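Colleague: Chains as they are written, first to last, in our numbering: chain B, 1 to 143; chain P, 1 to 60.
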């Protein structure tokens with residue numbers, strides 16, 4: 001049985017339907033010494049991917065896949081790196097994407113899968129004018 | 001924001017999973033946003049207000 005009810009699955013499937021660009025969810029987990037949230041993250045991602053054939057999950061080892069870890073600058077696990085047609089979107093999720101975090105993940109997947117960013121045009125101008133490295137960390141909890 | 005500009009990276013972090021990081025940034029309530037280790041934004045803000053603060057833009 002999945003994490004979502006049949007009704008929620010149908011709602012999520014419809015929400016993901018505008019996706020036209022392949023999205024890869026690169027999941028880094030730590031099999032030994034890691035927390036259970038890695039297993040939860042894997043389950044959540046697989047559930048999402050089962051609802052849209054353009055969304056795929058790529059599993060990586062936080063310990064062994066050192067090249068990819070360095071490539072995506074992942075420094076903790078579990079980590080989800082969101083790629084849009086193989087290209088890094090620079091969006092990361094750390095921890096199991098449950099509760100409110102699940103909503104954020106789905107919205108990030110839709111941005112990666114449609115190329116559409118739903119922001120006010122003036123806000124977009126401000127963001128696109130940024131010319132120095134800017135690292136944003138948003139802390140939240142599932143509830 | 002990250003998707004809109006290659007200079008921007010955005011991490012969503014589960015605060016209870018990464019307690020050391022939460023302690024480092026004194027996360028006592030969520031959401032809390034840290035930008036470039038220096039700017040702190042507490043709570044959820046309207047879009048424009050959030051972006052202005054995150055990008056350290058002068059107040060209107």
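Quick reminder that beta carbons are idealized off the backbone N, C-alpha and C, glycines included.
Since the model is a prediction, treat every value here as computed from it, not as a measurement.
Starting from residue 24 of chain P, find everything on chain B with Cβ-Cβ shorter than 9 angstroms and list it in chain order.
Modeller: Chain B residues near residue 24 of chain P: none, gap ~10 angstroms exceeds 9 angstroms.
Colleague: I want to verify the contact list: residues of chain B whose CB lies under 7 angstroms from the CB of residue 31 of chain P, in sequence order.
Modeller: Under the 7 angstroms cutoff, chain B gives 138, 139, 140.
Colleague: Just to confirm my understanding: we take residue 9 of chain P, look at its own chain, exclude 5 residues before and 5 after, and list those with CB closer than 7 angstroms. What are they?
Modeller: Closer than 7 angstroms at Cβ, skipping near neighbours: 2.
Colleague: Is the beta carbon of residue 6 of chain P closer than 8 angstroms to that of residue 35 of chain B?
Modeller: No, the Cβ-Cβ distance between residue 35 of chain B and residue 6 of chain P is not below 8 angstroms.
Colleague: I'd like to know whether the C-beta of residue 119 of chain B is nearer than 8 angstroms to at least one C-beta of chain P.
Modeller: Closer than 8 angstroms: yes.
Colleague: Under 7 angstroms between beta-carbons, which chain B residues line up against residue 1 of chain P? List them in chain order, please.
Modeller: Within chain B, the residues near residue 1 of chain P are 127, 136.
Colleague: To which residues of the same chain is residue 58 of chain P closer than 7 angstroms at the C-beta, ignoring the five residues directly before and after it?
Modeller: Counting only Cβ-Cβ distances below 7 angstroms, and skipping sequence neighbours, we find nothing.
Colleague: From the DSSP secondary-structure annotation, give me the bridge partner or partners of residue 94 of chain B.
Modeller: DSSP, once it has assigned bridges, lists B:79, P:13 as partnering residue 94 of chain B.
Colleague: Among the candidates B:6, B:121, B:40, B:16, whose CA atom is the shortest distance from the CA of residue 77 of chain B?
Modeller: Of B:6, B:121, B:40, B:16, the residue nearest in Cα terms is B:40.
Colleague: Please state if the CB of residue 3 of chain B and the CB of residue 43 of chain B are separated by a distance shorter than 8 angstroms.
Modeller: Their beta carbons are under 8 angstroms apart, which means residue 43 of chain B touches residue 3 of chain B by this criterion.
Colleague: By a C-beta neighbour count over all protein chains shown, 10 Å radius and 16 as the cutoff for buried, is residue 11 of chain P buried or exposed?
Modeller: Per the 10 Å Cβ criterion, buried.
Colleague: May I ask which residues mark the beginning and end of the alpha helix (DSSP H) holding residue 47 of chain B?
Modeller: Where residue 47 of chain B is concerned, the enclosing alpha helix (DSSP H) stretches over 37-49.
Colleague: Can the beta-carbon of residue 78 of chain P be found closer than 8 angstroms to that of residue 53 of chain P?
Modeller: Because chain P here runs from 1 to 60, residue 78 of chain P falls outside it and cannot be looked at.
Colleague: For residue 40 of chain P, would you say it is in contact with chain B, using Cβ-to-Cβ distances shorter than 8 angstroms as the test?
Modeller: It does not: the Cβ of residue 40 of chain P has no partner Cβ on chain B nearer than 8 angstroms.
Colleague: Can you check whether the CB of residue 51 of chain B is closer than 8 angstroms to the CB of residue 148 of chain B?
Modeller: The structure shown has nothing for residue 148 of chain B, since chain B only spans 1 to 143.
Colleague: Name, please, each residue of chain B whose Cβ falls closer than 9 angstroms to the Cβ of residue 63 of chain P.
Modeller: Any question about residue 63 of chain P goes unanswered here, given that chain P covers just 1 to 60.
Colleague: Kindly indicate which residue of B:122, B:97, B:92 has the alpha-carbon position closest to the one of residue 75 of chain B.
Modeller: Looking at the Cα atoms, B:92 is the closest of the given residues.
Colleague: Where do the ends of the beta strand (DSSP E) carrying residue 27 of chain B lie?
Modeller: Per DSSP, residue 27 of chain B belongs to the beta strand (DSSP E) from 23-29.
Colleague: From the DSSP output, in three-state form, read off residue 132 of chain B for me.
Modeller: Looking at residue 132 of chain B - three-state DSSP - the assignment turns out to be coil, as it is neither helix nor strand.
Colleague: So, does the CB of residue 81 of chain B fall closer than 8 angstroms to a CB anywhere in chain P?
Modeller: So, not an interface residue.
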